[in-house]
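Numbering (this note's numbering), first residue to last: 80 to 572.
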């Protein structure tokens, strides 16, 4: 993408989009010509390049204009393009839109495959700010971001923030270009590409909410989509997971809440019998398993019983909303679900299962069947390795079940609380999976994170239509902790 000239006043130069290394990254070349990126004590080898390419790459410290890259060129230009794209895929670059040597906007990728593209609008196009876009303070910076965007924009000029804010009301592009201090078509094109801005067709006679995306997007509230994207892996570059960020500043909260003052009623004195029901015993036997016996992996027969008991559709029925209103179909399953929506789906990444080929499958709960989905072997490996890392295990699980939500099934009925209800459904399903695994003498472990961008690539489904909201590792435990009575009942010796 080359430099784009815009009307900004006399003496203003063209807007230039450059790539540069993020602050903590440096490049080093050895005597063999191998270039490595170094950061935080790590080193990533990027490949072998010529000395001329290594010299030109030093410009990435301050900014290398993207229009100087030529992927179809020869020699240094082609090598340099390859090097820059390898850095980009690893999230080691940021992009700067500058004018006359001054930063206007710094673009920080939030997904691994982000590459800045510009969708140039026409002067007559009517543009509006996405209802999912928001500006906030981050440290001493002012950033514009959106859960739909592949990058966030660090705003370096307050007039640019003001320009963007005016697009809360749809406006023709020609109105923007006429105003003094207009940031330029380069920025508009980048914001369109990131879906921060979108075009409105007045001929359709629909409001901005319906004009922004597909019907599934219409059903999302701002806070729900933001929470989904920012509390999962794959669509942001923020620290994630158990990093104990406040361990040095705040003591760990107590495991049990301090007792309220007042008279205590000791319930232990009221227990008449020490015996427990079968359900109570299962609850006490339930535990997380992070080590699996790959010499005797789970069998397809066991997996069938597990899915049948935990997630198979038990009954179907129709119910009208009211006189003249649509009829809603329900499909009840073994666990409770908000409003009977049952919008959760199970996808199985299978590494080892006797009687079932390694691969990626969808569980059809209505037909009680597994349907194979064609994915790259590398994508399946990433799912399994991610589960291993999340559990802190020594090896990948035998099966990783991804719990995905068909979000519209819940948000079609509920507003403001839709995503919260989805997560509640996930919680009760996780307990159901645990109890079923325990009952069958299998091992299981809930995993609190999943990569929503990877799932979208594997299934071809947009992340706002259907996406992962949890994972569960399943297999035969390497060191079973089940009582002899349970092991005999399920046939384990």
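Cβ coordinates follow ideal geometry from the N, Cα and C atoms, glycine included.
According to DSSP, is residue 531 helix, strand or coil?
Helix, per DSSP.
How big is the Cα-Cα spacing for residue 97 and residue 277?
Their Cα atoms are separated by approximately 24 Å.
Alpha-carbon to alpha-carbon, residue 507 and residue 312
Between residue 312 and residue 507, the C-alpha separation is close to 22 Å.
In this structure, what does DSSP give as the bridge partners for residue 107?
The partner list for residue 107 (beta bridge, DSSP) reads 115.
Neighbourhood of residue 90 by C-beta distance below 6 Å, restricted to the same chain and skipping five residues each side:
Any reading at residue 90 needs caution, since the residue's pLDDT is 43, under 50, leaving its predicted position unreliable; the model's value is listed next. If we look at residue 90 and ignore the five residues flanking it on each side, it has no Cβ neighbours.
Taking the straight line between their C-alpha atoms, what separation do you get for residue 535 and residue 128?
So the two alpha carbons sit approximately 34 Å from each other.
Report buried or exposed for residue 408, applying the criterion of at least 16 other Cβ atoms within 10 angstroms of its Cβ.
Exposed, since its Cβ has fewer than 16 Cβ neighbours within 10 Å.
Option in 158, 385 and 300 with minimal Cα separation from residue 427
Ranking the options by Cα distance to residue 427, first place goes to 385.
Sorted by chain position, which residues of the same chain lie with C-beta nearer than 8 Å to residue 324's C-beta, five sequence neighbours on each side aside?
Correct list, in chain order: 318.
Going by beta-carbon coordinates alone, are residue 268 and residue 189 separated by less than 7 Å?
Between residue 268 and residue 189, the C-beta spacing is not below 7 Å.
Backbone secondary structure at residue 481 - three-state DSSP
Looking at residue 481 - three-state DSSP - the assignment turns out to be strand.
In three-state DSSP terms, what is residue 443?
In the structure shown, residue 443 adopts extended strand secondary structure according to DSSP, grouped into three states.
With a threshold of 8 Å, are at least 3 pairs of Cβ atoms found where one atom belongs to the region 449 to 460 and the other to the region 390 to 399?
By the Cβ criterion, the region 449 to 460 is not in contact with the region 390 to 399, since fewer than three pairs of Cβ atoms, one from each stretch, lie closer than 8 Å.
In terms of residue numbering, what span does the alpha helix (DSSP H) encompassing residue 388 cover?
Start and end: 379 to 390.
Tell me which same chain residues have a C-beta within less than 7 Å of the C-beta of residue 191, skipping the five on either side of it?
Beyond the five residues adjoining it in sequence on each side, residue 191 comes within less than 7 Å, by CB distance, of 168 and 170 in the same chain, given in chain order.
Using a Cβ-Cβ cutoff of less than 6 Å, which residues in the same chain neighbour residue 205 once the five nearest sequence positions on both sides are dropped?
249, 251 and 279.
Proximity below 7 Å, CB of residue 176 to CB of residue 184:
Against a cut-off of 7 Å, the Cβ pair of residue 184 and residue 176 comes out as a contact.
I'd like to check one pair, residue 511 with residue 364: are the Cβ atoms closer than 7 Å?
No. Outside cutoff.
When the distance is taken between beta carbons, is residue 549 closer than 7 Å to residue 484?
Here residue 484 is not near residue 549, since their CB atoms are 7 Å or more apart.
Under DSSP, the beta strand (DSSP E) around residue 285 begins and ends at which residues?
Careful: residue 285 lies outside any beta strand (DSSP E) and carries neither H nor E.
Candidates 308, 174 and 500, of which the one nearest residue 546 by Cα:
Nearest of 308, 174 and 500 to residue 546, Cα basis: 308.
Nearest to residue 489 by alpha carbon, out of 482, 499 and 481?
Ranking 482, 499 and 481 by Cα distance to residue 489 puts 499 first.
Please go through the region 217 to 266 and give each complete beta strand (DSSP E) segment of 3 or more residues, from N-terminal end onward.
Scanning the region 217 to 266 for uninterrupted beta strand (DSSP E) segments of 3 residues or longer gives 220 to 224 and 230 to 234, listed from N- to C-terminal end.
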